[in-house]
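Heads up: the structure comes next, in structure tokens.
There are 2 protein chains.
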Amino acid sequence: MAIGKAVRRVDAIAKVTGRARYTDDYFRPGMLVAKYLRSTIAHGRVKKIDTRRAQRLPGVEAVFTYEDVPPIKFATAGHPYALDPAHQDVQDRLLLTRHVRYWGDEIAVVVAENDLIVQEALELIDVAYEEYSPLVTPEAALAAGAFEIHAGSNNVVGESCYAVGGNIEEALAQADVVLEGRYRTQICQHCHIENHIALAYMDDLEHIVVVSSTQIPHIVRRIVGQALGLPCGRIRVVKPYIGGGFGNKQDVILEPMVAFLTLQLGGRPVKMHLSREEGMIGTRVRHPFTTQMRAGVMQNGTLVALDIDALSNSGAYASHGHAVAGAAGARSRALYPRTAINYHAKTVYTNIPAAGAMRAYGAPQMMFAVDCMIEEAARRIGMDPVEFRLKNVARQGDVDPLTGEGFESCGLAECLQRGKALIQWDAKRAARPRKQTGPVRRGLGVACFSYATGTYPVCLEISGARIILNPDGSVHIQVGATEIGQGSDTIVAQMVAETAGIPLANVHVVSTQDTDVTPFDTGAYASRQAYVTSNAVFRAATALKAKILEHAGRMSGILPAELEITDGRIVRRDDRARKNMPLAAVALDAYYDKQRGGQLTVEVSHKTCSNAPAFGCTFVEIEVDVPLCRVQIKEIYNIHDSGIILNPLLAQGQVQGGVAMGIGAGLYEEMLIDPESGYIYNNNLLDYKVPTIMDVPDIGCAFVETFEPTSGYGNKSLGEPPIIAPPPAIRNALWDATGVKIDELPMTAHTLYKHFMKAGLL
Amino acid sequence: MAIGKAVRRVDAIAKVTGRARYTDDYFRPGMLVAKYLRSTIAHGRVKKIDTRRAQRLPGVEAVFTYEDVPPIKFATAGHPYALDPAHQDVQDRLLLTRHVRYWGDEIAVVVAENDLIVQEALELIDVAYEEYSPLVTPEAALAAGAFEIHAGSNNVVGESCYAVGGNIEEALAQADVVLEGRYRTQICQHCHIENHIALAYMDDLEHIVVVSSTQIPHIVRRIVGQALGLPCGRIRVVKPYIGGGFGNKQDVILEPMVAFLTLQLGGRPVKMHLSREEGMIGTRVRHPFTTQMRAGVMQNGTLVALDIDALSNSGAYASHGHAVAGAAGARSRALYPRTAINYHAKTVYTNIPAAGAMRAYGAPQMMFAVDCMIEEAARRIGMDPVEFRLKNVARQGDVDPLTGEGFESCGLAECLQRGKALIQWDAKRAARPRKQTGPVRRGLGVACFSYATGTYPVCLEISGARIILNPDGSVHIQVGATEIGQGSDTIVAQMVAETAGIPLANVHVVSTQDTDVTPFDTGAYASRQAYVTSNAVFRAATALKAKILEHAGRMSGILPAELEITDGRIVRRDDRARKNMPLAAVALDAYYDKQRGGQLTVEVSHKTCSNAPAFGCTFVEIEVDVPLCRVQIKEIYNIHDSGIILNPLLAQGQVQGGVAMGIGAGLYEEMLIDPESGYIYNNNLLDYKVPTIMDVPDIGCAFVETFEPTSGYGNKSLGEPPIIAPPPAIRNALWDATGVKIDELPMTAHTLYKHFMKAGLL
């Protein structure tokens, strides 16, 4: 049995030895490099651009400006195509723009022999702008008479609302206590190790090959086609190993441009790679949210109402646009399915870098607001925060009040109990003085989350798997599921080993996706991969096993139903010790007998029409140095109900990485934008503070294993959830330690100083 | 309809623009090059080898000798694996040898940074030999007490015989006339433009990737595994475009060595390429045959008996070994199925370069002998050579007298009639003096052939196809069938277009085979590809069409049986003009509807259990300049029954290339070996004379289109047949012109001089 085992990643050796091939390892003879000319203002219009000096520079192959690109608007969001035009992504981009919408917008591109010449050429281009006043906040963009960042948009990307559990005003009116709050989350950036990079070339004059560090090769194929006005059958996308994405590579950023360039340059290979400084502004960021909220709560601890109003800042382009705020809202009703919720959200264009998908897709923003409010409710009625949550959160058997879909597995209450025990919640609270004084104080905090597994029913959920039995009895499997560092290849191998009875070492996963031949899957995002893929792989492995047993039956004269595959051998069900035959013997016969058999292969394309929420919570104990305005995490635990844990080692890795990122979002990270000019102060890893190994404590994690029946192997989402709850848990612990309630992120020393001063602690 | 149309090759643009990627275009960072140290004697044993000076040379990475290679004997012949051990290829090779068996045998290999250093290092290796007397001819190798070139072999690679049509001695005894002859064919070499080249590397430490210019990627995978003692699932073979093979790349030559080297060198990429001089000795040559024959013929023109005894020279290693002489024998009984035939053949080891597969695999050797004999028979009984052939050759409804399999299509008689008319056989013969005199004389010649389509039932015949419907309504098809210049990709595209109703431009063929993901097929040889692939492609395209119509039915509410696909649109069978829907709309719905459909793909692995002989003939008119001993071809026609012609343009190309090669074999080409030392005089294209464009006349070709029902599209073999009959036709024309009967090849000026002198013409 391979599922549930802490097996080593299938790509471990390739990665630690440096053999694993990334996009930058792809070389083509005659390859050119390209780089964008980025605007030096945040809002305006190019009056005049003179590229003549750049074009004359030896080694420059070509310079293209906004005047040279196809007049085709396209969307960059990595969503499956929607048949319903109303659900299609906003098409608001050209390959290059004359209307500059953020500091660093792409107005021209230079192609040259090497990076040095490109850089020199960029500096030789003269640009004259007509400048407009940048609209940096949603409030400014929504002000009456504000300049339209995209014509006809009123600066609104999207707006949505839902109401469940009855009339919200009535529910609030009946509540014993009504609370109100306003919460603000900041602009974060993904900061994956490998920056965006893509390469395109033409093997012939009819097909464009794009090699890219992407989470979504098949979607890249479609969007490149759309952006260039070419049928997607003429585009081939290859995805090698990638060095992180966290949602930022769920956007199609460089690929249409490199494809355009190779098309313009007679098929010559053209590579683009973004520097860290470019990537931090020129790709995507997390949408900052401002959330206004009211809660109604009964003295007995029942949360009766949540009235939520979120304003999301999409920045210069729609990218994932309003989908993020929409998805964010859904998390609340999965977490508190018995509460009346009114959710309204609006996403707005501004002149900051475009926001897109980032790990947990709006949930961190919304769950921060909700969990701050929940904490306040518990405290206001004098109830233990854990007890309050236990009373209100989702339980097995609850239904999503909007869709009516039941939660077939929910272990959130057990997660809370487990976390409480791990951190010794009751003992520590009992041992502590009622009100702490002195410079160094301790606090305990908790926060909960729910998270979807995939995007159904909002979007299509499709996965694909093809398995080939090799003549030596091993198998190769191709999946559309993309390995982006999360361990997807390893999980797929475990699934095949488990279901087909083949030793894990004999399951070879074709890691590189190649849209010409890889089964269709929309990619790695929405914590969907192991869930939606499980159904395709389970069906494929089951079908392959049946084919193998059928052939073994022909060879042995035993009915296939009496045979089984165990550890790579064919055995009789009724006598597993006897009459067994290695799988290789069956494979060899199937391939090489002159009449019977054939190459045994199976391919499955599966649409998943379910979505199972995962749940969990963070418990944290912090120490606050009040004079230094410093928070130190003493203990932190994330406890997850992600269904069956397929590989504890990989699961732990996901949790530790996610919690570390959550700590960064809670305490350190923020992209700083000048409110007047739109200039970005810290688009580099020196000034933008991501937590390092020195900042991250030992991270404890535990799993409450439920079994999710809609999944091939009982599993639910785990990739994104770990990032959600640490910031509110830390915030609640900070409140617990100091009595100071901070409703904005990040809780840096600067933020603490401001709030501690206001509260009279300093 | 796409079948039968002279459409442009799908790779035409890629090839003429230089974009098509060949093995040498594959580059890997840190790539090393390797080269063999070749023996400077033809037979002997290395007493001592000193590589120390070479190893010390800066830039040399490693030197390996026969002492360093795995002690695993392997076979190099590109045959499907045989489950029956008695039919497996002779395993007589190590990666490097101490026992030198031909002039140029591989005793060591140097790996270095570049070609210059490799060459320098090779010259620094000191070798001392113990020399044995080379056995250059089969007769010498078979002589009593001859040194065993391979221990325990008695210098015999294989021996076989068959007898059909009754007792041969009785048949000969009853014949009116009995003839006897002895025929000799020479050593030829393939002289494909692209020499052998292969590259290996490891992406991780568990899998070896081999990129190779090969006709047989899946077989390479198996043999590399066997040679290194690794399971084939850990070997991945990639086949890019190749620059010709003609059977010489149906042998596994460099691949096991490059795989061994990368394995030894921690996965570093290692490339080997052979120079022309190396390739002409170190790859394979055509087996020279000496054939002793008796024929029995009745005065009425009935050929009653053929008694054939062939001696085939395999050279230093078995390679394809006796299979060539075995296959050669089968051609006679397909051509003269109503004649008693006794066939005996023996294949012998000698100390010349190893012989292997070469276009038409023994048929040119055997058909030369048979057609010389047939010509003699016709002349002896005073019958027109065409009439004599017409009376005796295979007709539709004949059966293979050995296997009992009927010929379901046979248009040979029509081919003979057509050729006779094209060359104006009767008119020219009538207009000519009975006996020519003077220095310049004209002659007419004819020769016939039959050729199998594939290798069944001797070997496995398997093909595979996978088709993916793209979201834009185009398809990608992967086939195991390998494009080796013959146009296989184009034919496959035509088959899919024909059967699925998709415009040819929307059928994208994945040309590069990659054994990790490409459907299994044993490769391009035996003129099998279009025949065996036709069944897999037909089944796959038919199944895909059914899936498309099923989905279109769901979308439209019309029964799939009432729908049809025509030119990329879904139409109603009963009203083709109305209610049609583009295929792209169906594809888009199948991909993107949230519940129904899925990616529509089909995969078929098909075993072909039939073999349809193709037939045809060559007619030639030559002018002989007797004093100059020069033959000039005035007109030449090849007329083929290859079933349905799938693409007249490609078919014509095959015929013209094959006839040109046949002219080369008939008049120019021979590898010259010193009978004493085994030294090869002309392993280069200056001294080994292949015909150039100046030597080749306009080549006429015509097709008698029969329909072969065992084939998916009615087609039969065409790749190899064109080469077979030109040499005997020219020989017969030379006899006709001069009265001189030449029973050896090639008919160079030297040969003619010898025979003309003997005949008193000079």
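Top line first, the protein sequences correspond to chains A and B.
No gaps in the numbering here: position 238 of the first sequence is 238 in my numbering, and each next residue is one more.
In my numbering, each residue carries its 1-based index in the second sequence increased by 1000.
C-beta atoms are modelled at their ideal positions from N, C-alpha and C, and glycine is treated no differently.
Counting only the Cα atoms, residue 340 of chain A lies some 38 Å from residue 698 of chain A.
When Cβ-Cβ separations below 7 Å define contact, residue 1476 of chain B makes contact with chain A. Straight through space, the alpha carbons of residue 1722 of chain B and residue 1402 of chain B are spaced by roughly 25 Å. The three-state reading of DSSP puts residue 202 of chain A in strand, counting E and B together. Taking a 10 Å sphere around the C-beta of residue 1155 of chain B, we find 16 or more other C-beta atoms and assign the residue as buried. Taking a 10 Å sphere around the C-beta of residue 466 of chain A, we find 16 or more other C-beta atoms and assign the residue as buried. At least one beta carbon of chain B lies nearer than 7 Å to the beta carbon of residue 13 of chain A. Residue 1610 of chain B is outside the set of residues whose beta carbon lies under 7 Å from a beta carbon in chain A. Under a 10 Å Cβ-count criterion, residue 1048 of chain B is classified as exposed, with fewer than 16 other Cβ atoms of the shown protein chains found around its own Cβ. Residues of the stretch 1202 to 1216 of chain B with a Cβ closer than 9 Å to any Cβ of chain A, in chain order: 1202, 1203, 1204, 1205, 1206, 1207. Of the other Cβ atoms in all chains shown, fewer than 16 fall within 10 Å of the Cβ of residue 559 of chain A; this residue is therefore exposed. Looking only at A:713, A:705, A:472, the smallest Cα-Cα distance to residue 533 of chain A is reached by A:713. Taking the C-beta atoms as reference points, residue 1415 of chain B is found nearer than 7 Å to residue 1639 of chain B. For residue 490 of chain A, the uninterrupted alpha helix (DSSP H) run begins and ends at 488 to 500, by DSSP.
Between residue 1213 of chain B and residue 1242 of chain B, the C-beta spacing is below 7 Å. Taking one beta carbon from each stretch, the stretch 53 to 71 of chain A and the stretch 83 to 101 of chain A have 3 or more pairs nearer than 8 Å; the two touch. The three-state reading of DSSP puts residue 140 of chain A in helix, counting H, G and I together.
Here residue 1600 of chain B is not near residue 1471 of chain B, since their CB atoms are 7 Å or more apart.
Between the alpha carbons of residue 1120 of chain B and residue 1113 of chain B lies a gap of roughly 12 Å. No Cβ-Cβ contact shorter than 7 Å links residue 246 of chain A with residue 728 of chain A. For residue 594 of chain A, at least one C-beta of chain B is nearer than 7 Å to its own C-beta. In the same chain as residue 1661 of chain B, and ignoring 5 residues on each side of it, the C-beta atoms closer than 6 Å to its own belong to 1723, in chain order. Taken atom to atom, the span from the alpha-carbon of residue 420 of chain A to that of residue 251 of chain A is near 39 Å. For residue 554 of chain A, no chain B residue has a Cβ inside 8 Å of its Cβ, as the nearest lies near 13 Å away. Under DSSP, residue 250 of chain A shares a beta bridge with no residue. Taking one beta carbon from each stretch, the stretch 126 to 137 of chain A and the stretch 33 to 50 of chain A have 3 or more pairs nearer than 8 Å; the two touch.
Among the residues facing chain B, residue 81 of chain A is included, as its CB has a counterpart in that chain under 7 Å away. The shortest C-alpha to C-alpha distance from residue 256 of chain A to any of A:475, A:211, A:286, A:343 is the one to A:211. Exclusion of the five residues before and after residue 664 of chain A leaves 690, 691 as the residues of its chain whose Cβ lies within less than 6 Å of its Cβ.
One finds 592, 594 in chain A with Cβ atoms closer than 7 Å to the Cβ of residue 1460 of chain B, taken in chain order.
Using beta-carbon distances, residue 19 of chain A counts as an interface residue toward chain B, with a partner under 7 Å.
Just so you know, the alpha carbons of residue 187 of chain A and residue 398 of chain A end up roughly 34 Å apart. Distance check between residue 1654 of chain B and each of B:1635, B:1703, B:1142 places B:1703 closest, using alpha-carbon atoms only. Apart from sequence neighbours up to five positions away, the residues of its chain that approach residue 1115 of chain B with a beta-carbon distance below 8 Å are 1033, 1035, ordered along the chain. Out of B:1725, B:1064, B:1705, B:1337, the CA that lies nearest to the CA of residue 1371 of chain B is found in B:1725. It is roughly 25 Å from the alpha-carbon of residue 1582 of chain B to the alpha-carbon of residue 464 of chain A.
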